[in-house]
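Numbering (my numbering), first residue to last: 28 to 527.
Glycine included, C-beta positions come from ideal geometry on N, C-alpha and C.
Everything numeric in this text was worked out from a predicted model, so none of it was measured.
To start, the structure itself, in structure tokens.
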């Protein structure tokens with residue numbers, strides 16, 4: 028896709044190679060110049076991003092972003108001193124502005140700084156990292172840059188803690204991190220690392236006038252087998268979602284660290300049990316944990332992130348934000364509506380820019396619902412539900428220089444039967460692939476491909492979701508050492524159907 032700025036010499040002079048160089052040694056200087064760049068994979072021009080007034084849903088568009096990106100403030104601590112001494116760059120190495128520059132280059136409209144905590148890290152965030160975020164917002168205004176952290180969640184693995192954009196956002200994060208992050212106390216406090224503390228944290232977040240968002244990271248990275256979970260368990264997800272359903276809203280479907288195989292490692296850093304097509308087992312397994320949660324009627328969404336620490340060409344296992352994985356949110360280009368889209372499931376995710384837009388809708392007798400929404404149908408009327416899938420292929424090449432093609436699209440449905448009495452259940456036996464579509468099954472309408480399918484005689488509540496792939500795998504296989512660029516997938520979030 029040609030960017031309208033590409034003819035401006037100030038923009039065209041900055042090649043991808045030079046951007047990567049800046050990212051390593053001089054990002055701040057690069058950003059201080061005329062560097063509001065958008066790469067060839069940019070989803071929207073700046074004019075599109077600024078259109079519309081607050082509250083006008085007609086100006087919403089799919090806006091790609093990443094809510095899990097680390098900066099040099101993901102450091103280490105010298106605990107031989109009191110208070111501990113923070114060592115910048117001890118884990119991740121890039122300045123906040125570097126991540127914003129690269130996010131812009133790879134077509135992201137929004138990004139979030141998610142540095143993980145440690146002893147007294149709440150003060151590091153408040154006094155050092157936040158001022159750098161403010162500078163980055165000034166230097167790279169074309170990317171919305173959220174404030175938050177990779178929350179060291181009590182009794183669980185890491186989570187996104189996204190703070191709404193407002194004048195006191197730094198104070199809000201400081202309050203939550205200093206009170207609830209399990210690694211923030213010094214000396215360590217074992218009482219901060221309990222399931223009860225996690226629920227207390229979520230209730231406190233729910234009670235705030237400006238409500239944050241919480242999304243689980245790499246949920247099965249500590250799992251030792253299929254359905255053999257580690258730090259994160261089905262029970263904990265359910266208890267947290269019960270405590271704060273509008274705060275604790277999902278997990279990463281596709282974790283970061285996807286470049287692992289390019290340096291001989293595992294995708295996602297999943298060294299115990301692998302990802303499937305780059306996606307966590309909780310998402311990839313049809314009828315698995317994600318479907319179990321959806322089958323209870325939970326509004327539980329998936330995302331895809333980079334978890335960028337160090338680029339794979341510099342010795343890490345990561346892609347830049349937006350280089351490989353993207354979370355697309357249907358929203359206006361403002362902080363509040365991006366968060367609203369994440370909170371309410373107006374999301375689809377993809378890898379390798381296999382496609383650039385995806386719309387899934389369900390309709391009946393003139394009524395329609397899209398991802399994250401609910402279509403209500405009456406038993407008294409004909410209960411056929413029309414499903415429409417629209418996707419747009421990539422125009423041009425992705426960040427690897429490839430022109431990927433969609434080989435198949437799957438429509439997946441499952442029954443919604445209400446809350447389970449067993450908080451540990453991780454299956455939904457009603458979930459199945461109801462239809463598979465190949466290139467002969469879709470037709471072109473303008474720049475989009477369209478698939479239509481009828482769910483006949485719908486008798487009970489259900490949800491429908493979509494996935495697609497560049498491969499010929501009927502189900503995503505456990506990942507080995509194949510290049511992630513040869514194994515591309517996209518997933519929608521669900522649309523719900525309620526029968527009355």
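query: Among 518, 94, 414 and 146, whose alpha-carbon lies nearest the alpha-carbon of residue 109?; result: 146
query: Counting Cβ pairs, one atom from each stretch, are 3 or more of them under 8 angstroms apart for the region 221–229 and the region 202–212?; result: yes
query: How would you write the range of the beta strand (DSSP E) that residue 385 sits in, first residue to last?; result: 382–391
query: Enumerate in chain order the residues of its own chain whose CB-to-CB distance from residue 306 is below 6 angstroms, with the five nearest sequence positions on each side excluded.; result: 280 and 281
query: How many angstroms separate the CA atom of residue 489 from the CA atom of residue 87?; result: 27 angstroms
query: Mapping the DSSP letters down to three states, classify residue 133 as helix, strand or coil.; result: coil
query: Name, in chain order, the residues that DSSP records as bridge partners for residue 150.; result: None, per the DSSP bridge assignment.
query: Is it buried or exposed for residue 505, if we count other Cβ within 10 angstroms and need 16 for buried?; result: exposed
query: Report back the beta-carbon spacing between residue 184 and residue 248 to the nearest angstrom; my notes put them in contact at under 8 angstroms.; result: 7 angstroms
query: Let me make sure I understand the geometry here. Which of 132, 100 and 128 has the alpha-carbon closest to that of residue 117?; result: 100
query: Leaving out five residues before and five after residue 457 in sequence, what residues of the same chain have Cβ atoms less than 7 angstroms from its Cβ?; result: 322, 441 and 442
query: By the DSSP assignment, the beta strand (DSSP E) with residue 442 in it spans what residues?; result: 435–442
query: Can you check DSSP and say which residues form a bridge with residue 199?; result: DSSP lists no partner for residue 199.
query: Alpha carbon to alpha carbon, how far is residue 481 from residue 519?; result: 18 angstroms
query: To the nearest angstrom, how far is the alpha carbon of residue 36 from that of residue 290?; result: Only weak support is given to the placement of residue 36: the predicted model assigns it a pLDDT of 32, under 50, and the value that follows is read from those uncertain coordinates. Those two C-alpha atoms are separated by around 36 angstroms.
query: Below 8 angstroms, can you find three or more Cβ-Cβ pairs linking the region 375–388 to the region 351–362?; result: yes
query: Can you tell me where the alpha helix (DSSP H) holding residue 261 begins and where it ends?; result: 261–270
query: Among the candidates 164, 204, 515 and 469, whose CA atom is the shortest distance from the CA of residue 139?; result: 164
query: Can you tell me whether residue 161 is buried or exposed, with buried defined as 16 or more other CB within 10 angstroms of its CB?; result: exposed
query: With a CB to CB cut of under 6 angstroms and the five nearest residues on each side skipped, what residues in its chain are close to residue 460?; result: 437 and 439
query: Could you give the distance in angstroms between the alpha-carbon of residue 430 and the alpha-carbon of residue 500?; result: 19 angstroms
query: Contact between the region 342–353 and the region 239–255 is defined here as three or more beta-carbon pairs at a separation below 8 angstroms; is this criterion met?; result: no
query: Over what stretch of residues does the beta strand (DSSP E) that includes residue 365 continue unbroken?; result: No beta strand (DSSP E) holds residue 365; the alpha helix (DSSP H) holding it covers 362–371.
query: Which residue's Cα is closest to the Cα of residue 448: 190, 320 and 119?; result: 320
query: Does DSSP classify residue 508 as helix, strand or coil?; result: coil
query: Based on the DSSP output, what are the partners of residue 256 in its beta bridges?; result: The partner list for residue 256 (beta bridge, DSSP) is empty, contrary to what the question assumes.
query: Short check: CB of residue 176 to CB of residue 141, under 7 angstroms?; result: yes
query: Suppose you measure from the CA of residue 51 to the CA of residue 515; what does that come to, to the nearest Å?; result: Confidence at residue 51 is low in this model, with a pLDDT of 49, below 50, so its placement is unreliable and no value can be given for it.
query: Excluding the 5 residues preceding and the 5 following residue 388 in the sequence, name in chain order all residues of the same chain whose CB lies nearer than 6 angstroms to its CB.; result: 395, 397 and 415
query: Given a cut-off of 7 angstroms, decide if residue 197 and residue 153 are closer than it, judged by their beta-carbon atoms.; result: yes
query: Taking its Cβ as the centre, do 16 or more other Cβ atoms sit within 10 Å of residue 96, making it buried, or is it exposed?; result: buried
query: Since residue 457 sits in a beta bridge, which residues does DSSP pair it with?; result: None; residue 457 has no bridge partner.
query: I'd like the span of the alpha helix (DSSP H) that includes residue 164, first residue to last.; result: 157–166
query: Who are the near neighbours of residue 462 in its chain, counting only those whose CB is closer than 6 angstroms to its CB and skipping five residues on each side?; result: 438 and 480
query: Just mark residue 315 as buried or exposed, buried being the case when its beta carbon has 16 or more other beta carbons within 10 Å.; result: buried
query: By a C-beta neighbour count over all protein chains shown, 10 Å radius and 16 as the cutoff for buried, is residue 112 buried or exposed?; result: exposed
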